[in-house]
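Trainee: In this note's numbering, the protein residues as written are 43 to 221.
Here a beta-carbon is modelled for each residue, glycine too, at the ideal position from N, C-alpha and C.
For reference, the structure I am asking about is given below.
Here is the structure:
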């Protein structure tokens with residue numbers, strides 16, 4: 043007996059050419075697939091990929107933003123921070139939402155308001171108080187991207203937030219200048 047199975051509608055989450063129903067390896071969601079597993083980030087750029095992420099539509103700004111991943115930013119100084127999620131070469135539109143804690147209503151949520159269909163939020167932050175960052179794919183979209191975390195309270199451009207800078211008007215990234 044020859045049995046023919048139609049797998050044309052079967053997903054291939056790891057894109058290895060073997061439908062998920064037959065793949066012995068399958069795909070594992072990323073470590074930061076749930077809010078409780080949010081990965082820590084600092085100011086600068088953090089690459090991400092949400093291809094294997096799961097998720098639920100929990101934001102108020104867009105109800106079909108699934109395949110979410112989570113990050114946690116704890117500011118060392120109070121001020122305003124820009125959070126921006128940009129996608130890689132493949133065009134997909136990330137939704138970006140900020141939370142004060144898992145399971146709470148978002149602080150802010152946005153989709154498609156930054157260059158190249160990225161998402162950007164400027165958020166006041168308090169030193170030592172974490173901000174949870176949720177990045178999700180609009181309409182199940184996913185791919186590579188970069189999370190940019192940028193202090194907007196750095197008058198001299200040395201990468202040190204003004205509230206923590208020993209000379210906020212003098213460029214001194216090593217903080218050696220104390221005048």
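Between which two residues does the beta strand (DSSP E) holding residue 173 run?
Mentor: Note, residue 173: beta strand (DSSP E), 173–180.
Trainee: Report, in whole angstroms, the separation of the C-beta atoms of residue 194 and residue 124, which I expect to be a contact under 8 angstroms.
Mentor: Their Cβ separation, rounded to whole angstroms, is 6 angstroms, which keeps residue 194 and residue 124 in contact under 8 angstroms.
Trainee: Can you name, in chain order, every residue of its own chain whose Cβ lies under 7 angstroms from the Cβ of residue 72, other than the five neighbours on each side?
Mentor: For residue 72, where only same-chain residues beyond five positions count, the Cβ hits under 7 angstroms are 94, 95, 111.
Trainee: Within the segment 59–121, note down every full beta strand (DSSP E) run reaching 3 residues or more, in order along the chain.
Mentor: Runs found: 81–83, 86–91, 107–115.
Trainee: Can you say whether residue 74 is buried or exposed, counting buried as having 16 or more other CB atoms within 10 angstroms of its CB?
Mentor: Counting Cβ neighbours within 10 Å, residue 74 comes out buried, since at least 16 surround it.
Trainee: How big is the Cα-Cα spacing for residue 176 and residue 161?
Mentor: Whole-angstrom Cα-Cα distance: 11 angstroms.
Trainee: Assign residue 222 to one of two classes, buried (16 or more other C-beta atoms within 10 Å of its C-beta) or exposed (fewer than that).
Mentor: An answer regarding residue 222 cannot be provided, because it is not within the stretch 43 to 221 covered by the chain.
Trainee: Quick one: what's got a C-beta closer than 6 angstroms to residue 104's C-beta in the same chain, skipping five residues either side?
Mentor: These residues qualify, in order along the chain: 137, 153.
Trainee: Kindly confirm or deny that the segment 182–189 and the segment 139–151 touch, where touching means at least three C-beta pairs closer than 8 angstroms.
Mentor: With a cut-off of 8 angstroms, the segment 139–151 and the segment 182–189 do not count as touching, because too few Cβ pairs lie within range.
Trainee: On the DSSP bridge list, what partners appear for residue 137?
Mentor: DSSP output for residue 137 lists 153, 178 as bridge partner(s).
Trainee: So is residue 183 buried or exposed if we call it buried at 16+ other beta carbons inside 10 Å?
Mentor: The residue in question, residue 183, is buried, as its Cβ has 16 or more Cβ neighbours within 10 Å.
Trainee: Compute the Euclidean distance between the alpha carbons of residue 185 and residue 84, then round it to the nearest angstrom.
Mentor: Their Cα atoms are separated by approximately 22 angstroms.
Trainee: Are there 16 or more other CB atoms within 10 angstroms of the CB of residue 87, so buried, or fewer, so exposed?
Mentor: When all chains shown are included, residue 87 counts as exposed.
Trainee: Mark residue 51 as exposed unless 16 or more other C-beta atoms lie within 10 angstroms of its C-beta, in which case mark it buried.
Mentor: Because residue 51 sits at a pLDDT of 49, beneath the cut-off of 50, its placement in the model cannot be relied upon, and the point is left open.
Trainee: Give a yes or no on whether the C-beta atoms belonging to residue 179 and residue 92 are separated by under 8 angstroms.
Mentor: Yes.
Trainee: I need the straight-line Cα distance from residue 171 to residue 117, nearest angstrom please.
Mentor: Those two C-alpha atoms are separated by around 7 angstroms.
Trainee: Kindly give me the distance between the Cβ atoms of residue 97 and residue 108, rounded to whole angstroms, as I take these residues to be in contact under 8 angstroms.
Mentor: Going by Cβ atoms, the distance from residue 97 to residue 108 rounds to 5 angstroms, so yes, they are a contact pair.
Trainee: Using a Cβ-Cβ cut-off of 7 angstroms (strictly less than) and excluding sequence neighbours within five positions of residue 197, which residues of its own chain qualify?
Mentor: Around residue 197: 204, 210, 211.
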